[in-house]
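The block underneath contains the structure these notes are about, expressed in structure tokens.
Number of protein chains: 2
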Amino acid sequence: MQNITDIIEAYLKQILHDEKKIEIKRQEIAERFDCVPSQINYVINTRFTIEKGYFVESKRGGGGYIRIQKIVILDSHDLLDEMSRWIGNDLTEQAAEDYLIRLVNEQLLTRREAIVVQSLLQKESLPMVLEDQRRMRAHLMQTLLKTIKRL
Amino acid sequence: MQNITDIIEAYLKQILHDEKKIEIKRQEIAERFDCVPSQINYVINTRFTIEKGYFVESKRGGGGYIRIQKIVILDSHDLLDEMSRWIGNDLTEQAAEDYLIRLVNEQLLTRREAIVVQSLLQKESLPMVLEDQRRMRAHLMQTLLKTIKRL
DNA sequence: CAAACAATAGTCAAAGATGGTCAGAGAGGT
DNA sequence: ACCTCTCTGACCATCTTTGACTATTGTTTG
Numbered sequence: 001m002q003n004i005t006d007i008i009e010a011y012l013k014q015i016l017h018d019e020k021k022i023e024i025k026r027q028e029i030a031e032r033f034d035c036v037p038s039q040i041n042y043v044i045n046t047r048f049t050i051e052k053g054y055f056v057e058s059k060r061g062g063g064g065y066i067r068i069q070k071i072v073i074l075d076s077h078d079l080l081d082e083m084s085r086w087i088g089n090d091l092t093e094q095a096a097e098d099y100l101i102r103l104v105n106e107q108l109l110t111r112r113e114a115i116v117v118q119s120l121l122q123k124e125s126l127p128m129v130l131e132d133q134r135r136m137r138a139h140l141m142q143t144l145l146k147t148i149k150r151l
Numbered sequence: 001m002q003n004i005t006d007i008i009e010a011y012l013k014q015i016l017h018d019e020k021k022i023e024i025k026r027q028e029i030a031e032r033f034d035c036v037p038s039q040i041n042y043v044i045n046t047r048f049t050i051e052k053g054y055f056v057e058s059k060r061g062g063g064g065y066i067r068i069q070k071i072v073i074l075d076s077h078d079l080l081d082e083m084s085r086w087i088g089n090d091l092t093e094q095a096a097e098d099y100l101i102r103l104v105n106e107q108l109l110t111r112r113e114a115i116v117v118q119s120l121l122q123k124e125s126l127p128m129v130l131e132d133q134r135r136m137r138a139h140l141m142q143t144l145l146k147t148i149k150r151l
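Quick mapping for you: the protein sequence lines, in order, are chains A and B.
Counting in the UniProt record's numbering, the first sequence runs from 1 upward without gaps.
Counting in the UniProt record's numbering, the second sequence runs from 1 upward without gaps.
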């Protein structure tokens, strides 16, 4: 626990223990711990990933920031990971619908949400050749699964 | 929230919270917040866009002004049609986000639904060249608008 | 009334302020 | 030695701020 990464990680997590989310300025933190700014990116990329249950947003330019939030890890994460593996990078319209129904049954999505997503994944919404369409649909579904984790 | 843009934005929106429309003098506001006049144009161009639901008029010359109004569209069906027209077949990620926020504000979508859709419309979810990406995003958003009508 | 002048607002490109990426160097463990 | 994790810095992307120049409208003057 002597490397800067761990120290900064501990510092941020200690704050997150009290506050639900924190907003930092990359430069400030870098100065406080006397390291280069990109070190902060390293900390965030290795310690505050979605897999570890964190959601990070940022803005560049004047008044920029990095915001970190702890997200709730559901038991259903396993299911989501499973689905992700099943889907891979190819997904038919019918299969997509089945997955969505499953997600609704597991109460990970509401019916309305499923309808919205389904409409976006139907072939009419993906104007490209069949093969690309299925790849695209799979890609979007993968995004959805990741997003559900932080809803 | 320390950059002038956000501060001026908050100031104007706070007034718009009570008044239905406001009329300002660019020079006056610039003086009050100690910035150059064109800063006010920046605030307006980035924070009071049509996507965000604002309508701005102005006049130059003696007695000139900038008038900002929140657009109220009572019938949500009309709003959806309007949006559809505004979007056409080209849509940036930022504009998409602004529209989604608007839909949430109008209670046509829930926050969760907006988050899901936003994640599907972000550039990482649309792996294609920028131009196609924007067309695709517009297409998906059009589908969404149609879907909302029958929810 | 037309021409000048005054009073506003708009545009745009450059500079400033942040954060992001990535490849390579460094450090620690096996 | 080799492998993995950490650290660094040069370069990139994005958002904000500024100011010189332009455009439009109102007012005064010849």
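C-beta: ideal position from N, C-alpha, C; glycine also.
Between the stretch 123 to 132 of chain A and the stretch 90 to 109 of chain B, do at least 3 Cβ pairs fall closer than 8 Å?
Fewer than three beta-carbon pairs drawn from the stretch 123 to 132 of chain A and the stretch 90 to 109 of chain B are found closer than 8 Å, and the two stretches are therefore not classed as touching.
Do you know how far the Cα of TRP86 (chain B) is from the Cα of LEU79 (chain A)?
Your numbering for residue 79 (chain A) matches position 79 in the first sequence. Your numbering for residue 86 (chain B) matches position 86 in the second sequence. One Cα belongs to LEU79 (chain A), the other to TRP86 (chain B), and the distance between them is close to 39 Å.
What residue ranges within the UniProt domain "CtsR C-terminal dimerization" (76 to 145) of chain A form continuous alpha helix (DSSP H) runs of no fewer than 4 residues, ordered along the chain?
Considered as a whole, the UniProt domain "CtsR C-terminal dimerization" (76 to 145) of chain A harbours 77 to 87, 93 to 105, 111 to 121 as its complete alpha helix (DSSP H) runs of no fewer than 4 residues, in chain order.
Tell me whether the beta-carbon of LEU145 (chain A) lies closer than 8 Å to the beta-carbon of MET83 (chain A).
Counting from one through the first sequence, the residue named residue 145 (chain A) turns up at place 145. Counting from one through the first sequence, the residue named residue 83 (chain A) turns up at place 83. In this structure, MET83 (chain A) lies closer than 8 Å to LEU145 (chain A) by Cβ.
Which of the three DSSP states is assigned to GLN27 (chain B) in this structure?
As a working note, residue 27 (chain B) is residue 27 in the second sequence. If DSSP states are grouped into helix, strand and coil, GLN27 (chain B) belongs with the helices.
Got a sec? Which residues, its chain only, sit under 6 Å from GLU51 (chain B) by beta carbon, not counting five neighbours each side?
Taking the first residue of the second sequence as 1, we reach residue 51 (chain B) at position 51. Within the same chain, GLU51 (chain B) has close Cβ partners ALA95, ASP98, TYR99.
For SER119 (chain B), which residues in chain A fall below 8 Å Cβ to Cβ?
For the purposes of this step, residue 119 (chain B) is identified with residue 119 of the second sequence, where counting begins at 1. From the beta-carbon of SER119 (chain B), the residues of chain A found nearer than 8 Å are THR143, LEU144, LYS146, THR147.
Report back the beta-carbon spacing between VAL56 (chain A) and ILE71 (chain A) to the nearest angstrom; my notes put them in contact at under 8 Å.
As a first step, residue 56 (chain A) must be located in the first sequence, where it is residue number 56. As a first step, residue 71 (chain A) must be located in the first sequence, where it is residue number 71. 10 Å between Cβ atoms; not a contact.
Under 8 Å, Cβ to Cβ, is there at least one residue of chain A near VAL116 (chain B)?
By 1-based counting over the second sequence, the position of residue 116 (chain B) is 116. Closer than 8 Å: yes.
Exposed unless 16 or more other CB atoms sit within 10 angstroms - verdict on VAL36 (chain B):
Translated into the one-based positions of the second sequence, residue 36 (chain B) becomes position 36. Flag for VAL36 (chain B) reads exposed.
PRO127 (chain B) at chain A interface by Cβ criterion, 8 Å:
Numbered from its first residue, the second sequence carries residue 127 (chain B) at position 127. Closer than 8 Å: yes.
According to DSSP, is residue 152 (chain A) helix, strand or coil?
Examination of residue 152 (chain A) is not possible in this model, given that chain A is present from 1 through 151 alone.
Nearest neighbour of ARG102 (chain A), chosen from A:ILE15, A:ALA114, A:LEU91 [CA to CA]:
Working through the first sequence from its first residue, we reach residue 102 (chain A) at position 102. Between ARG102 (chain A) and the set A:ILE15, A:ALA114, A:LEU91, the nearest pair of CA atoms involves A:ALA114.
What is the DSSP secondary structure of GLN69 (chain B), reduced to helix, strand or coil?
What you label residue 69 (chain B) is simply residue 69 of the second sequence in a count that begins at 1. Note: GLN69 (chain B) maps to strand in three-state DSSP.
Listing by chain order, which chain A residues have their CB less than 7 Å from the CB of GLY113 (chain B)?
Here residue 113 (chain B) is taken as the residue at index 113 of the second sequence, counted from 1. It is worth fixing the name first, because residue 113 (chain B) is Glu in this sequence and not Gly. Per Cβ cutoff of 7 Å: ARG112, GLU113, VAL116.
Neighbour flag for LEU103 (chain A) against chain B, beta carbons, 8 Å
For the purposes of this step, residue 103 (chain A) is taken as the residue at position 103 of the first sequence. LEU103 (chain A) does not count as touching chain B.
Name the chain B residues whose beta carbon is nearer than 7 Å to that of LEU140 (chain A)?
Here residue 140 (chain A) is taken as the residue at index 140 of the first sequence, counted from 1. Contact note: LEU140 (chain A) reaches chain B through LEU120, SER125, using a C-beta cutoff of 7 Å and chain order.
Straight-line Cα distance separating ARG134 (chain A) from ILE4 (chain B):
Numbered from 1 along the second sequence, position 4 holds the residue referred to as residue 4 (chain B). Numbered from 1 along the first sequence, position 134 holds the residue referred to as residue 134 (chain A). Computed Cα separation, rounded: 46 Å.
Distance CB(ASP75 (chain B))-CB(ALA138 (chain B)) smaller than 8 Å:
Position 75 of the second sequence, counted from the first residue, corresponds to residue 75 (chain B). Position 138 of the second sequence, counted from the first residue, corresponds to residue 138 (chain B). Here ASP75 (chain B) is not near ALA138 (chain B), since their CB atoms are 8 Å or more apart.
In this structure, does DSSP put LYS149 (chain A) in helix, strand or coil?
Sequence index remark: in the first sequence, residue 149 (chain A) carries index 149 (1-based). Annotated three-state conformation of LYS149 (chain A) is coil, per DSSP.
Rounded Cβ spacing between LYS21 (chain A) and GLN69 (chain A) (contact assumed at less than 8 Å):
Working through the first sequence from its first residue, we reach residue 21 (chain A) at position 21. Working through the first sequence from its first residue, we reach residue 69 (chain A) at position 69. Sure, about 4 Å apart at Cβ, within 8 Å.
Nearest-angstrom Cα distance between ILE29 (chain A) and SER58 (chain A)?
Reading the first sequence from its first residue, position 29 is the one you call residue 29 (chain A). Reading the first sequence from its first residue, position 58 is the one you call residue 58 (chain A). Near 14 Å, if we compare the C-alpha coordinates of SER58 (chain A) and ILE29 (chain A).
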